[in-house]
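Report on one structure; see the data block that follows.
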Amino acid sequence: MSVTGLIRLGDNALVLGQRLSEWCGHAPALEEDIALANIALDLIGQTQLWLGLAGDREGQGRSADTLAFHRDAWDFRNLLLVEQPNRDFAVTMMRQFLFDTWHFEALTALTTHDDADISAIAQKSLKEVTYHRERSTDMVIALGDGTEESHIRMQGALDRLWPYVGEMFTRDDDDLTDMVALRPGFDAHAAATLEAATLTQPASDFAHQGGKTGARHSEHLGHMLATMQSLPRSYPDATW
Amino acid sequence: MVSTQASIEDVWDWLGEVPDPEIPAISLVDLGIIRDITWHGDTLEVTVTPTYSGCPATSVINFEIEAALRDHGIENLSLKRQIAPPWTTDWLSEAGRAKLEAYGIAPPQPAGGPQHCPACKSTAVERISQFGSTPCKAQWRCTDCLEPFDYFKCI
Chain A
1 MSVTGLIRLG
11 DNALVLGQRL
21 SEWCGHAPAL
31 EEDIALANIA
41 LDLIGQTQLW
51 LGLAGDREGQ
61 GRSADTLAFH
71 RDAWDFRNLL
81 LVEQPNRDFA
91 VTMMRQFLFD
101 TWHFEALTAL
111 TTHDDADISA
121 IAQKSLKEVT
131 YHRERSTDMV
141 IALGDGTEES
151 HIRMQGALDR
161 LWPYVGEMFT
171 RDDDDLTDMV
181 ALRPGFDAHA
191 AATLEAATLT
201 QPASDFAHQG
211 GKTGARHSEH
221 LGHMLATMQS
231 LPRSYPDATW
Chain B
1001 MVSTQASIED
1011 VWDWLGEVPD
1021 PEIPAISLVD
1031 LGIIRDITWH
1041 GDTLEVTVTP
1051 TYSGCPATSV
1061 INFEIEAALR
1071 DHGIENLSLK
1081 RQIAPPWTTD
1091 WLSEAGRAKL
1101 EAYGIAPPQP
1111 AGGPQHCPAC
1121 KSTAVERISQ
1131 FGSTPCKAQW
1141 RCTDCLEPFD
1151 YFKCI
């Protein structure tokens, strides 16, 4: 069992949770503001479980908070997709849909993991993520098959984010499950949703890589971490 | 030393008096998050499961459990977090469901939406948002009496 595999799952949840939190107080409608904050809250809760377990297994006394706030960008192991900036609501929702669809498949596979702690966290998270996926699927369909303006923006968001899909299905020895095996489930749900949303899946399968290995994060991650980590780094003994 | 350990039934009753910090109409026992109570020697172990993994009420709940049991004279207490099997709204007690409805929150239904408006009982209801004021609730509205209301999500 690889600690890096646990950190990957925790970092995905943490980085996307932080990104979604940036909408708090800024979303286009109150209900959306509350919904995004709730999803962020679920993801931060899942982060505590994954990074908490990673710290335990690593055995060097690092807590979930230590891992979240006292690592630099090159030590993060999240997918490039989740660190992409919010931009407009279309990009935020499309990013959420693509991530939720992968996350649902990954957690489903991990519910039967041999390690009881991993299986337990996956079972707990899957309930929440099932709800996230339902919502982002509805939202992609409503906005894709919505007004002319919302359709254009959703297609633009899909074209922008599609090059970040491929990295989710790369695999190496640190992964806790075979990520390649998740692709058919992802493709089936994505294709059905995009068709209902009257959106066109990009033809190119070119994939940016380097997030989950830490080899090459995009420039966006460092800026996000600077905001997220400033308080515990400036005041190391602060408690809340 | 002669033990004067409280009975497990009494402890369940005491925790049945502790209100949920977010939805004080129901107790922690009604919510189904108290999974087990056992004595290990002279230490009382209470097993608690979180509703949602990020629910901020979790730490308050642990504090409330501890405060209530200390008030009843429990000295050695251990709170154990258990996340599997994950909490489900199937564990809400029947009494808890009735209290929720009386409080104005529609209880969870396997069909995925409220059975009826908790105020006027009309079945003409529509969803406003999948999320609400706490992680466990969604916002709905009655199209007859026009009241918006919370629905306790079914998970």
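Protein sequence lines, in the order shown, are assigned to chains A and B.
Using the numbering used here, count along the first sequence one by one with no gaps and you end on 240.
Using the numbering used here, count along the second sequence one by one with no gaps and you end on 1155.
Just so you know, even glycine gets a beta-carbon here, dropped at the ideal spot from N, CA and C.
Apart from the five residues on each side of it in sequence, which residues of its chain come closer than 8 Å, Cβ to Cβ, to residue i?
i	result
C1145 of chain B	C1117, A1119, C1120 and S1122
S1027 of chain B	L1015, G1016, E1017, V1018, P1019, D1020 and G1096
A238 of chain A	L231 and P232
A215 of chain A	Q209
G1112 of chain B	C1154
Using beta-carbon positions only, say whether residue i and residue j come within less than 9 Å of one another.
i	j	result
D1013 of chain B	L1031 of chain B	no
V1049 of chain B	S1078 of chain B	Note on identity: in this sequence residue 1049 of chain B is Thr, with Val being the wrong assignment. No, Cβ-Cβ distance for T1049 of chain B and S1078 of chain B is not below 9 Å.
L194 of chain A	W102 of chain A	no
M154 of chain A	A196 of chain A	no
F76 of chain A	D11 of chain A	yes
L41 of chain A	P1056 of chain B	yes
C24 of chain A	L6 of chain A	no
T1051 of chain B	R1035 of chain B	no
L143 of chain A	S125 of chain A	no
V140 of chain A	M179 of chain A	no
A192 of chain A	E167 of chain A	no
E83 of chain A	G211 of chain A	yes
E128 of chain A	S1129 of chain B	no
A13 of chain A	I44 of chain A	yes
L20 of chain A	I34 of chain A	no
L199 of chain A	L161 of chain A	no
I1037 of chain B	L1100 of chain B	no
I118 of chain A	M1 of chain A	yes
H217 of chain A	P85 of chain A	no
V1029 of chain B	S1093 of chain B	yes
F1131 of chain B	C1142 of chain B	no
How long is the line joining the alpha carbons of residue i and residue j, rounded to whole angstroms?
i	j	result
E1066 of chain B	H1072 of chain B	10 Å
L79 of chain A	G55 of chain A	20 Å
S234 of chain A	V15 of chain A	20 Å
I1061 of chain B	A122 of chain A	23 Å
I1074 of chain B	G1041 of chain B	13 Å
P1110 of chain B	K1153 of chain B	9 Å
R57 of chain A	D115 of chain A	12 Å
L176 of chain A	G59 of chain A	19 Å
A1006 of chain B	E1147 of chain B	46 Å
F97 of chain A	V1011 of chain B	45 Å
Q1082 of chain B	L53 of chain A	14 Å
L225 of chain A	T137 of chain A	28 Å
D173 of chain A	A120 of chain A	22 Å
E1064 of chain B	I1008 of chain B	18 Å
E1045 of chain B	P236 of chain A	34 Å
Q201 of chain A	A27 of chain A	27 Å
D145 of chain A	G156 of chain A	14 Å
W240 of chain A	T1058 of chain B	15 Å
P1085 of chain B	R87 of chain A	38 Å
T213 of chain A	T4 of chain A	9 Å
R1070 of chain B	N1076 of chain B	9 Å
H189 of chain A	L110 of chain A	19 Å
A1098 of chain B	Q46 of chain A	31 Å
K1080 of chain B	A203 of chain A	51 Å
R1127 of chain B	P163 of chain A	35 Å
Going by the C-beta, is residue i closer than 8 Å to any heavy atom of the ligand SAH?
i	result
I1034 of chain B	Among the ligands in the structure shown, none appear at all, so the ligand SAH cannot be discussed.
Among residues of its own chain, excluding the 5 on either side of residue i, which ones have a beta-carbon nearer than 6 Å to its beta-carbon?
i	result
Y1151 of chain B	A1106, P1114, A1138 and W1140
L9 of chain A	W50
P1135 of chain B	Y1052 and C1055
G185 of chain A	E105
Y1103 of chain B	A1025
W1091 of chain B	G1032
V1125 of chain B	P1114, C1117, W1140 and C1142
S150 of chain A	L143
I'd like the list of long-range same chain contacts for residue i, defined as Cβ closer than 7 Å, with 5 residues on each side in sequence excluded.
i	result
V1002 of chain B	Residue confidence for V1002 of chain B is low, a pLDDT of 45 falling below 50, so the modelled location carries little weight and cannot support an answer.
D205 of chain A	G166
F99 of chain A	L16, L81 and V82
W1039 of chain B	Q1005
Pull up the CB-CB distance for residue i and residue j, whole angstroms please, since I reckon it's below 8 Å.
i	j	result
L81 of chain A	R62 of chain A	Between R62 of chain A and L81 of chain A the Cβ distance is about 26 Å, and since that is not below 8 Å, they are no contact.
I1155 of chain B	T1088 of chain B	6 Å
T170 of chain A	Q209 of chain A	6 Å
Q48 of chain A	M228 of chain A	Not a contact, Cβ separation roughly 15 Å.
Assess, as a yes-or-no matter, whether the stretch 123-134 of chain A is touched by the stretch 56-68 of chain A under the definition of 3 or more beta carbon pairs within less than 8 Å.
no
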